[in-house]
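Mapping the sequence shown onto the working numbering, position 136 (from 1) lands on 582, and the numbers just tick up by one.
C-beta atoms are modelled at their ideal positions from N, C-alpha and C, and glycine is treated no differently.
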Amino acid sequence: MPGAIDPTLDRASLPRHIGIVMDGEARWAATHEASPETAQLEGFRAAWRVILAVRRSGISYLSLFPVSEFPPEADDERETLLLRAVRKHLTHEAKTFRREGIRIVHSGDLSDLSTGDREAVELLKDQTRNGENLFVNIALRSGGRSEIVRAVNRWLAEDRQIRGAAAARSGETITEEVLDSHLDLPYFPEPDLIIRSGGERRVSNFLLWESAYSEFVFSDHLWPDWSEAEITKAIEEYQRRTRRFGGA
């Protein structure tokens, strides 16, 4: 099927959840003498290719994390471009998402975005809410440390609501299971495989809690150049490994 990963992959050992740190847009722009906006457009096209390939492979969960490698002074402009791209390109594909049974969700904190940007993300989530074939998490304004803080704060707020403002969790301790249930997307399984494009070997604060036992694959290919072939190579590398989940 066009857009699918290599059919020779072992279907019995596909990862259930893949997380991808999408890195390399600035270097792609420099190599191609292109603008940041052009690099970002090509990055969205790569994301679309990967989403369709993952969907048609039978994998159920995908988390996409757009990291910034542009200079700090360009961060505000890049984020404006990123949000504009979300509103223009992802919302434009809502009909295709629905046809493919893809549901778009979000992890992160959008509270300080403009009303229009927040509404665009919520609209896309609502338009695809019935998708059951693939859940795609757009990790926009997301970070592993802040997610853990949000989870603890949700736990505390839940207790105050139940017991009243004067009550506190004195003497109680939070467990891993309780923290899991208060994460941004508690129904997502932990990622089996974390991929980073662009040649860097770090996680950049992505899914810190959830990736404790994930396998990591690092690719030198810049994100805008990614296709079905690259995601296939990463899964092949994952399938060659023996997962030990903390064991020796």
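Around the beta carbon of N576, a 10 Å sphere encloses fewer than 16 other beta carbons of the protein chains shown; the residue is thus reported as exposed.
The C-beta distance from G590 to L653 rounds to 6 Å, short enough to meet the 8 Å contact threshold. The C-beta distance from T574 to A540 rounds to 6 Å, short enough to fall under 8 Å. Under the three-state reduction of DSSP output, H552 falls in the strand class. With fewer than 16 other beta carbons inside 10 angstroms of its own, Q607 counts as exposed. Looking from the CA of S503, the closest CA among Y633, W474, S459, N651 belongs to S459. For I505, there is no enclosing beta strand (DSSP E), since its DSSP letter is neither H nor E. Three or more beta-carbon pairs drawn from the segment 628 to 646 and the segment 665 to 672 are found closer than 8 Å, and the two stretches are therefore classed as touching. Within its own chain, the residues whose Cβ lies closer than 7 Å to the Cβ of D469, once the five positions on either side in sequence are excluded, are V513, E515, R642, S643, G644, E646, W669, listed in chain order. When the Cα atoms are used, R587 and A499 turn out to be separated by approximately 25 Å.
The DSSP-derived three-state label of G489 is helix. If you draw a straight line from the Cα of E604 to the Cα of A485, it is about 43 Å long. If you check the CB distance, V496 and L510 come in under 9 Å. By alpha-carbon distance to I466, the top candidate from I584, R549, V595 is I584. A direct Cα-Cα distance of roughly 20 Å separates H628 from K571. In the DSSP annotation of this structure, the continuous segment of the beta strand (DSSP E) that includes R642 starts and ends at 639 to 642. In this structure, the straight-line span from the alpha carbon of E483 to that of Y659 is close to 35 Å. Runs of the beta strand (DSSP E) lying entirely within the segment 646 to 693 and spanning at least 3 residues, in chain order: 661 to 664.
A Cβ-Cβ distance of about 13 Å is found for the pair E674 and I464, leaving them out of contact under the 8 Å criterion. The criterion of a C-beta distance shorter than 9 Å is not satisfied by L625 and V551. A distance of 9 Å or more separates the beta carbons of G547 and S592. Measuring C-alpha to C-alpha distances from A492 to each of E471, R689, P635 identifies E471 as the nearest.
The C-beta separation of L508 from V582 comes to about 5 Å, placing the pair in contact by the 8 Å criterion. Judged by their CB atoms, N599 and S506 are not nearer to each other than the 9 Å cut-off. DSSP places N579 outside both helix and strand once states are collapsed to three, so it counts as coil.
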